[in-house]
Every structure is written in structure tokens, then in C-alpha cells.
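Protein chains: 2
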Amino acid sequence: MLSIETLSVGQFSFVGNAFSFGLAVMAATTIFLWLMRSSVAPGYRMAITITGLVTAIAAYHYLQIMMSWDNSVDVTSGELVATGEPYNQAYRYVDWLLTVPLLLIELILVMKLSQQETWNKSIKLGGAAALMIILGYPGEVADSTGVRTLFWILSMIPFLYILQQLVVGLKDSIASQPENVKRLINTAAYLVIVSWAFYPIVYLFPLMGITGGSALVAVEVGYTIADIVAKAVFGLVIFTIALRKSEAETDTKSAAAKK
Amino acid sequence: MLSIETLSVGQFSFVGNAFSFGLAVMAATTIFLWLMRSSVAPGYRMAITITGLVTAIAAYHYLQIMMSWDNSVDVTSGELVATGEPYNQAYRYVDWLLTVPLLLIELILVMKLSQQETWNKSIKLGGAAALMIILGYPGEVADSTGVRTLFWILSMIPFLYILQQLVVGLKDSIASQPENVKRLINTAAYLVIVSWAFYPIVYLFPLMGITGGSALVAVEVGYTIADIVAKAVFGLVIFTIALRKSEAETDTKSAAAKK
Chain X
11 MLSIETLSVG QFSFVGNAFS FGLAVMAATT IFLWLMRSSV APGYRMAITI TGLVTAIAAY
71 HYLQIMMSWD NSVDVTSGEL VATGEPYNQA YRYVDWLLTV PLLLIELILV MKLSQQETWN
131 KSIKLGGAAA LMIILGYPGE VADSTGVRTL FWILSMIPFL YILQQLVVGL KDSIASQPEN
191 VKRLINTAAY LVIVSWAFYP IVYLFPLMGI TGGSALVAVE VGYTIADIVA KAVFGLVIFT
251 IALRKSEAET DTKSAAAKK
Chain Z
11 MLSIETLSVG QFSFVGNAFS FGLAVMAATT IFLWLMRSSV APGYRMAITI TGLVTAIAAY
71 HYLQIMMSWD NSVDVTSGEL VATGEPYNQA YRYVDWLLTV PLLLIELILV MKLSQQETWN
131 KSIKLGGAAA LMIILGYPGE VADSTGVRTL FWILSMIPFL YILQQLVVGL KDSIASQPEN
191 VKRLINTAAY LVIVSWAFYP IVYLFPLMGI TGGSALVAVE VGYTIADIVA KAVFGLVIFT
251 IALRKSEAET DTKSAAAKK
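So, in C-alpha cells, the structure goes:
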């Protein structure tokens, strides 16, 4: 597939810098979320804990990805020489297997539905997300374009189910949210849809004949940007929702106490 | 025994990825449990602290196992070459010696029995668990199949005692639990039984003539999955039990206060 030695030294370090940027953003978001956790009402703390877990898990995997990238080639006299240790693409899948279901659970938790509904939606959406990642992996590591296409199609089934659930299935739940966060929750749902759309497109690059150095740079930097939007930016939106809902609930309570 | 150089590079990195996945799951579960500790009633905080300790100890050992795995071979020009540093199986035993007794203590603590009963059951079950691990180790490192079989049998005695205690001995204690968690506590007990059954079976693989690359992959990935179920999934069930019991107790208290 896409081979790292075809890169120029400049391209190689550009991707390495993107990974380092990803690591820094994920780690910083994690620390922010966990330190600010006590500022939201107790009912939202599990949502914020998990939001920080997602970026923490991503930070760990960006560290692994960055190290694997650096170890796959030696830079000697201005050229890249393969060390024989392959660049480990699988870290991305291991990361997604954990973080993608958790991302959907964040969104469900911050809506504070009934216990039953929270549980049902978490199982359905989280399960579909895990299935989507598991079905994507055999195609990612396959050499044949037929196998890659097959698993792309299989993986798109749970993907489309999740999109349908986010657009249609959560409509009632979103309608029941307080006015001051309705738009933000919609933003969060659309952030998922837009950032996630990037992944299946990139997956198809090798099938579209997009290969070579610039394609590899586009894929790795593109995944990194998509991850930052889907996890860190999304996480900060979730935090803002939790904060606004906490404030609104405190106002209601103190108004009730005054009566 | 099973030798790492017989693996393909793909198999070698698959196992390495499974270890990395195990590390991420254990560390994430630990952080979740410790951050959410304040959400359970004070009477359950020791149970949750220990539940997080178990996954923390496991995370540390998965890091050690992953590094030992990586250091045992060099990947050069698409082949594995032994470095001479042996892959250290003992980390698993050191881990189990600490975590397996603690796992049973978690389950006892979350039931909140009388002080006397908690103490008795912790000593009995925790002691049996430690004995089981200690008796397993000499067989694991033995070259002779006779020694391996002997210590398998010796180690099965405390194992069967623990199973008997979980199925029969805890029956009265489980019967005294509140309705809303009875099923969850049963689930936790059966989760122990099912996930633990995996270990003595894998231990017998070399005796059954199951060797070579795929067997090594099956053993290492299988142990990792069993560890995740027995420690992380089990830990989240324990947390859910503690949370539900805390909520039920608060409800009872506030109902009593209203009278």
C-alpha cells in the first residue's frame, strides 16, 4: 500500500508534526475536561468523565502512532531509509474501537434521558459503532481491492444506521431538551455526521488510485484533523451543553426555593 | 515452549496491538472508576477504590507485557529475529497474584455484609485465589508435561473451591441483597466463573499438543480478552451495583426524613 519511503523528508516530518499536534490537543482537552468536571452538576459528571476519557485514549494512541511513524524509517543524509519495522496503522482502529462507541454515549448521557432510554440508546448506538470499526479493519489491511470494497460496504451499514439514528431517532429526545441547549445538541449531532463522513472517503483513496507520497500525507493529516474535530471539538461542545444545563437547573431550583 | 520467532510479522503485531488495547482499556477503566468514586455512597467507596486498583495493576502489567513482547524480537526486512531476551510470561502471574484475590474482595465489599462476614469471606476467597495462582506458576515454567499436569491439578483444588463458594456459599448473601441489584450481583458472580474458566483451559494447550504460531496468538489474545472481561467489564458491573445501591439508600433515607 502507501509506503513511507516514497515521502520527502519534509513530508515525513510534516506528518510527524501533525501527530504531535494531535497528541497535544487531545491531552490538553482531557486535562481541561477533568479539571472542570466539578463545575457541572453531579448529573452530568459521568458525561464529562467519559468525554475526557475519549480524548485521553486518543492522546495515548497518538503517542503510539507518533512513535511507530518515527521508528519506521531512519533519516540519513537527507533521505528516508526503511528500518523494516512497519508503520502500525492498527493503532487507529484500536483507538476507534474504544472511542467511537464512547463518543455516542457522551452525547446520550449529556441529554439526561430516562435510565431505560439511556441504556437502550447506548447499547444500540455503541454496539453499531463497534461493529462499524470491526468490519472496517479487515478491508484496511487487505491487499486486494475486492476485499477492501466488500468491507467498506459492510462497514457502511452500521454507519448509515448511526447517521439515521442521529438525524431521525434522536429527534424526539432533542425536542425534549431545554431551549438554551437545543441548538448546541443539534450542533453536536451534526459535528459527528460531518467529521465522521471523512473516514469512509479516505478509506476509498487506494481504490480511487490516489496513492504515493502526497496521498499518504493527505490520509494521515486528514485523519488527524477529523479526529480532533470528532473528539476534542465535539468534547468541548458536550462540556458547554453540560455547563448550560447545570446553570439552568440551578436557576430553576433557586427560583423554586424562593417561592 | 511456544516460540515467538515462529510467528509472521502480521501475527506478531496483532498480539502487540491486543496488548496495547488491553493497556488502554485497563487504564481508561481505572480513571473512570476513580473519578466516579465520589458518585457512590461513602459505604461503597472502598469497593470502587479496589475495583480501580485491580485495573490499575493490570494496566501496569500490560505495559510491561507489551514492552517485553516488543523487546523479544527485532523486525528487520519483513522477518522476526529473536533478540535473545525472552518474553516474560511471569508478568501475568505477578499480576494475577495481586488482582485475583482483590477481584473477589471487590465482589464481597459491594455486597456490604456484616463486618465479620466481610472479613471471613475475604480471607477465605482471597486466600484461595492467591494459593491457586501460586500453585499454577511452577507448572507454567516447567519443561516436563508431568510437572505441568501435577500443578494444574493442585491449582484446580482452590479454583473449584472458589467456584463452589461463588455458586453455593454466596447464595444466602446474594438473597439478602436489595431487589434492584440481585440480578446484577448474580451477573457479576457468573462473569467471574465464565471468564475464569478460560485460564485453566489455556494452561492445558501445550499438553494437548496445541503449539506453534497460531496457538501462541490464541493464548495471548485469549488471555487478554479474558482479563478485560474479568477485570474491566466485571469492574463496571461492580460500579453499577454500587451506584444503584447508593441511589436506593438515598431514596429510603429521604423517604424516612419526610415522615
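So the sequence lines, in the order shown, correspond to chains X and Z. In terms of my numbering, the first sequence has 11 at position 1, counting the first letter as 1, and numbering is strictly consecutive. In terms of my numbering, the second sequence has 66 at position 56, counting the first letter as 1, and numbering is strictly consecutive. Beta carbons are placed, not taken as given, at the ideal position from N, Cα and C, and that holds for glycine. This one's a predicted model, so the numbers in the text were calculated from it and none came from an experiment.
Of all residues in the segment 70-86 of chain Z, only V85 and T86 come within less than 7 Å of chain X when Cβ atoms are compared, listed by chain position. When DSSP assignments are scanned along the segment 136-208 of chain X, the uninterrupted stretches of alpha helix (DSSP H) that are 4 or more residues long and fall wholly within it turn out to be 155-174 and 181-185. Of all alpha-carbon atoms in Z:T221, Z:K241 and Z:V191, the one lying nearest the alpha-carbon of I203 (chain Z) is that of Z:K241. For the segment 24-58 of chain X, residues whose beta-carbon sits nearer than 8 Å to a beta-carbon of chain Z comprise W44, R47, P52, R55 and M56. Between the C-alpha atoms of L164 (chain X) and P96 (chain X) there is a straight-line separation of about 27 Å. DSSP places T86 (chain X) in the strand class (E or B) of the three-state scheme. Within the segment 84-107 of chain Z, the residues whose Cβ lies closer than 9 Å to any Cβ of chain X are, in chain order, D84, V85, T86, S87, G88 and E89.
With a 10 Å radius around the Cβ and a threshold of 16 neighbouring Cβ atoms, T234 (chain X) comes out buried. With 16 or more neighbouring CB atoms inside 10 Å of its own CB, M76 (chain Z) falls in the buried class. Assignment of beta strand (DSSP E) within the segment 78-123 of chain X, counting only whole runs of 3 or more residues, yields 83-86 and 89-92 in chain order.
Distance check between V83 (chain Z) and each of Z:M142, Z:Q21 and Z:V50 places Z:Q21 closest, using alpha-carbon atoms only. With contacts defined by Cβ atoms closer than 8 Å, L201 (chain Z) and V177 (chain Z) do not form a contacting pair.
Distance from the Cα of L33 (chain X) is smallest, within the candidate group X:Y54, X:L135, X:D105 and X:P52, for X:D105. Assigned with DSSP and collapsed to three states, G20 (chain Z) falls in helix. In this model, V212 (chain Z) and V35 (chain Z) are separated by some 22 Å (Cα to Cα). Going by C-alpha positions, V110 (chain Z) is about 46 Å away from P188 (chain X). In summary, S186 (chain X) is exposed, with fewer than 16 beta-carbon neighbours lying within 10 Å of its beta-carbon over all protein chains present. Spatial neighbours of I144 (chain Z) in its own chain (CB-CB distance under 8 Å, excluding positions within 5 residues in sequence) are listed in chain order as L107. Taking 8 Å as the threshold, the shortest C-beta distance from V19 (chain Z) to chain X falls below it. For the pair of segments examined, the segment 135-142 of chain Z was found not to touch the segment 85-95 of chain Z: the number of CB pairs separated by less than 8 Å stays below three. Any Cβ of chain Z closer than 8 Å to the Cβ of L117 (chain X) would place that residue at the interface, and such an atom is absent. The Cβ atoms of F249 (chain X) and M46 (chain X) sit closer than 8 Å to each other.
Counting only residues of its own chain and dropping the five nearest sequence neighbours on each side, F29 (chain X) has a CB closer than 7 Å to the CB of Y72, I75, M76, W79 and T234. With the criterion set as a beta carbon lying under 9 Å from some beta carbon of chain Z, the segment 211-232 of chain X has no members that meet it. Annotation: Cβ neighbours of I67 (chain X) in chain Z (cutoff 8 Å, chain order): A34 and A38. Against chain Z, the CB of L114 (chain X) has no partner CB under 8 Å away; the residue lies outside that interface.
From the beta-carbon of L123 (chain X), no residue of chain Z is found nearer than 9 Å; the closest lies around 16 Å away. The Cβ of L63 (chain X) sits closer than 8 Å to at least one Cβ of chain Z.
Less than 8 Å divides the Cβ of T197 (chain X) from the Cβ of V247 (chain X).
For S224 (chain X), the enclosing alpha helix (DSSP H) stretches over residues G222 to D237. DSSP places A51 (chain X) in the coil class of the three-state scheme, outside both helix and strand.
Judged by DSSP secondary structure, S256 (chain X) falls within the alpha helix (DSSP H) whose first and last residues are F244 to K268. Cβ-Cβ distances below 6 Å link E230 (chain Z) to V25 in the same chain, with the five nearest sequence neighbours on each side left out; the list follows chain order.
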